[in-house]
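Engineer:
There are 2 protein chains.
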Amino acid sequence: MSEVTRPTLSDALTERMLELIRTGGHRPGDRLPSTRELSQRFAVTTPTLREALRRLEATGAIEMRHGSGIYVGPAIERLVLPNPNMREMRGGQLLELLDARIVIEPPLAAMAARRARGDDLAALERVLGEAATHLRGEDAELHEANMTFHRATARLAGNSVLHEVVDSLLTVHGAEQREILQIFDDRRRDHEEHRAILQAIVAGDATAAEDRMRAHLADVKSVIEQRLHQPPK
Amino acid sequence: MSEVTRPTLSDALTERMLELIRTGGHRPGDRLPSTRELSQRFAVTTPTLREALRRLEATGAIEMRHGSGIYVGPAIERLVLPNPNMREMRGGQLLELLDARIVIEPPLAAMAARRARGDDLAALERVLGEAATHLRGEDAELHEANMTFHRATARLAGNSVLHEVVDSLLTVHGAEQREILQIFDDRRRDHEEHRAILQAIVAGDATAAEDRMRAHLADVKSVIEQRLHQPPK
DNA sequence: ACATATCAAGTCATCTAATCACTTAACGGC
DNA sequence: GCCGTTAAGTGATTAGATGACTTGATATGT
């Protein structure tokens, strides 16, 4: 098994595209040249170019829209990505994911409590208000609203790298948890715990925010542990 | 900008490949069918199949070796990935990365101190011994050895998800830091701080391990802050 | 004037069929 | 047993074409 592989033309094209995006000062959402123009500019055929483009697409650097064009993707500047190929977690991996969240999210709640201000707090309130409207609705929508609360809290902490980490963990966590949260009691308890965390953040009480987030995630973990031992019908 | 895009054949092929890997019980390193066989089996042409394969390759699910075949990649089971497209960090991003490490790595050192045993500790000792041989050597090798120490410590914490997070952060951190650590004094201080962390882990002293890791990373951050304000010649 | 339908041009998506470059295993010679 | 050569299998790329989609412009109807 060779550790050093020869760079392919397709590898080089990937680099050329990244360079083009960078030197062109392109931001997420900007349109890039068409595949025809790019294949001519780089003097390669379109299937070869498309290989490079698929690679960039898979990692969020570009978006390819059929009939429209190629656009710079939102993840171009990220450091950390959720694995898009994750379909099923190994036994125990979900619990490790929750433990990871228990390590990372409480300090973030504390950071949010220390630094969040007017507009930020109003936005977080809106997120929770939106979540409340889903308490009697579809699982998927409630779940999404709850994840939005966690994402918004991580964002308020003011560290983009940690926000990316939390976002990544929540993204891969998505489908697994959606199947599990199916009892009304958990919905309301979740919501109340989110409210308590928000109150601590609004009050600027870093210690309470951290403790409440940790307790909330420990609750979630406990529920999931039970579910893993007694799957619902 | 449409939020719902039509799935392409190439998208479907990506899913088919993931399914083939999963239902085949393939582990990282296992060889998969050739592109010729796969394109026949899925009734598509090789350029189309190769688009899907490049996507999977970019996210670590497979490795394509010219002349040899396609192999299941090491990242197939990961939840979190380093962004392979990261070439240059925005201003401030490196400091945020360090702050992220300051949040995550100290609790991991504490976890390692609580749970590491004989073989684990011996391996960590070997990592530091190896790093010591590079103190007078090339920057790249010393840097790699130092990163290995951090990775090994995160592994000893016993949470694979957090290990992936740390690995991802260290991976994207790599090239940036390599250019900065160029003074002998920092090399020795780094090494001594790593030794102190190891001793706390060996002693099973979770509090000391955590405090020393936090102090070490704060030192690293301080050095980097100075370098960012006064770039070396 | 505004709304709707149609069309043309540009764009991405996929195909067909071939050749080129690399790896690995088998075989022969020393 | 070791080394060199060859053949077979494999990934990598090309050239040229067609099909499917999007977007903007134009024409038509109310």
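So the protein sequences, as listed, match chains X and S.
Mapping to our numbering: the first sequence position 204 is 196, numbers consecutive.
Mapping to our numbering: the second sequence position 216 is 208, numbers consecutive.
The C-beta atom is built at its ideal place from N, Cα and C for all residues, glycine as well.
#1: Could you please give me the residues that DSSP links to glutamate 55 of chain S through a beta bridge?
#2: With 9 Å set as the bound, which would you pick, yes or no: does the beta-carbon of aspartate 197 of chain S sit closer than that to a beta-carbon of chain X?
#3: Under 8 Å by Cβ, that's how I've got histidine 208 of chain X and alanine 123 of chain X pegged, so tell me the actual separation to the nearest angstrom.
#4: Arginine 106 of chain S to glutamate 55 of chain X, Cα distance in whole Å?
#5: Report the CB separation of methionine 205 of chain X from alanine 101 of chain X in whole angstroms; it is logged as a contact under 8 Å.
#6: What does a CB cutoff of less than 8 Å around glutamate 43 of chain X pick up in its chain, not counting 5 residues either side in sequence?
#7: Buried or exposed for leucine 190 of chain X, please, with buried defined as at least 16 other CB atoms from any protein chain shown within 10 angstroms of its CB.
#8: Can you check whether the CB of leucine 116 of chain X is closer than 9 Å to the CB of histidine 165 of chain X?
#9: Identify, in the order they occur along the chain, each residue of the same chain with its Cβ nearer than 8 Å to the Cβ of aspartate 178 of chain X, setting aside the five sequence neighbours on each side.
#10: Which residue comes first and which comes last in the alpha helix (DSSP H) that contains leucine 30 of chain X?
#11: Identify which residue in S/Val158, S/Arg79, S/Thr0 has its Cα closest to the Cα of threonine 15 of chain X.
#12: What's the C-alpha gap between threonine 0 of chain S and arginine 46 of chain X?
#13: Out of curiosity, what's the CA-to-CA distance linking glutamate 49 of chain S and leucine 12 of chain X?
#14: Kindly list the residues whose CB is nearer than 8 Å to the CB of glutamate -5 of chain S, restricted to its own chain and excluding five residues on each side of it in sequence; keep chain order.
#15: Leaving out the 5 sequence neighbours to the left and right, which residues in its chain are closer than 7 Å to arginine 180 of chain X when beta-carbon positions are compared?
#16: Within 9 Å (strictly less), CB to CB, does threonine 145 of chain S reach chain X?
#17: Using the beta-carbon count (16 or more within 10 Å), is proline 98 of chain S buried or exposed?
#18: Can you give me the C-alpha to C-alpha distance between histidine 155 of chain S and aspartate 211 of chain X, rounded to a whole angstrom?
#19: Alpha carbon to alpha carbon, how far is phenylalanine 34 of chain S from serine 160 of chain S?
#20: Beta-carbon within less than 6 Å of alanine 137 of chain X's beta-carbon, same chain only, minus the 5 sequence neighbours each way: which residues are those?
#21: Report the three-state DSSP secondary structure of leucine 71 of chain S (helix, strand or coil).
Structural biologist: Let me spell this out:
#1: Within the second sequence, numbered from 1, the residue matching residue 55 of chain S stands at position 63. Note: glutamate 55 of chain S sits in a beta bridge opposite S/Tyr63.
#2: In the second sequence, counting from the first residue as 1, residue 197 of chain S sits at position 205. No, aspartate 197 of chain S lies away from the interface with chain X (no Cβ there is under 9 Å from its Cβ).
#3: Looking up residue 208 of chain X in the first sequence gives position 216. Looking up residue 123 of chain X in the first sequence gives position 131. About 14 Å; that fails the 8 Å criterion.
#4: By 1-based counting over the second sequence, the position of residue 106 of chain S is 114. By 1-based counting over the first sequence, the position of residue 55 of chain X is 63. Distance between the alpha carbons of arginine 106 of chain S and glutamate 55 of chain X is about 45 Å.
#5: By 1-based counting over the first sequence, the position of residue 205 of chain X is 213. By 1-based counting over the first sequence, the position of residue 101 of chain X is 109. Contact flag correct, Cβ pair sits at about 4 Å.
#6: The residue you call residue 43 of chain X lines up with position 51 of the first sequence. Once the five neighbours on either side are set aside, the close Cβ partners of glutamate 43 of chain X are Ser2, Leu5.
#7: In the first sequence, counting from the first residue as 1, residue 190 of chain X sits at position 198. With 16 or more Cβ atoms within 10 Å of its Cβ, leucine 190 of chain X is classed as buried.
#8: Residue mapping note: residue 165 of chain X aligns to position 173 of the first sequence, counting from 1. Residue mapping note: residue 116 of chain X aligns to position 124 of the first sequence, counting from 1. Cβ atoms of histidine 165 of chain X and leucine 116 of chain X: not closer than 9 Å.
#9: The sequence position of residue 178 of chain X within the first sequence is 186, counting from 1. Answer for aspartate 178 of chain X: Val215, listed in chain order.
#10: Within the first sequence, the letter at position 38 stands for residue 30 of chain X. Its alpha helix (DSSP H) spans residues 27 to 33.
#11: Taking the first sequence and counting its residues from 1, the one referred to as residue 15 of chain X is at position 23. Per the Cα distances, S/Arg79.
#12: Along the second sequence, read from residue 1 onward, the residue named residue 0 of chain S stands at position 8. Along the first sequence, read from residue 1 onward, the residue named residue 46 of chain X stands at position 54. Distance between the alpha carbons of threonine 0 of chain S and arginine 46 of chain X: 12 Å.
#13: To locate residue 49 of chain S, count along the second sequence from 1; it is residue 57. To locate residue 12 of chain X, count along the first sequence from 1; it is residue 20. Cα-Cα distance, rounded: 22 Å.
#14: Indexing the second sequence from 1 puts residue -5 of chain S at position 3. Bear in mind that a pLDDT of 43 at glutamate -5 of chain S, under 50, signals an unreliable position, so the number given afterwards is only what the model happens to contain. None.
#15: Counting from one through the first sequence, the residue named residue 180 of chain X turns up at place 188. Here the set comprises Leu127.
#16: Looking up residue 145 of chain S in the second sequence gives position 153. No, its Cβ sits nowhere closer than 9 Å to a Cβ of chain X.
#17: Stepping through the second sequence from its first residue, residue 98 of chain S is reached at position 106. With 16 or more other Cβ atoms within 10 Å, it is buried.
#18: The count along the second sequence starts at 1 and reaches residue 155 of chain S at position 163. The count along the first sequence starts at 1 and reaches residue 211 of chain X at position 219. The straight-line gap from Cα to Cα measures roughly 23 Å.
#19: Within the second sequence, numbered from 1, the residue matching residue 34 of chain S stands at position 42. Within the second sequence, numbered from 1, the residue matching residue 160 of chain S stands at position 168. Approximately 34 Å between the Cα atoms of the pair.
#20: One-based indexing of the first sequence puts residue 137 of chain X at position 145. Closer than 6 Å at the Cβ level, and outside the excluded window around alanine 137 of chain X, lie Glu122, Ala123, His126.
#21: The residue given as residue 71 of chain S occupies position 79 in the second sequence. Correct three-state label for leucine 71 of chain S: coil.
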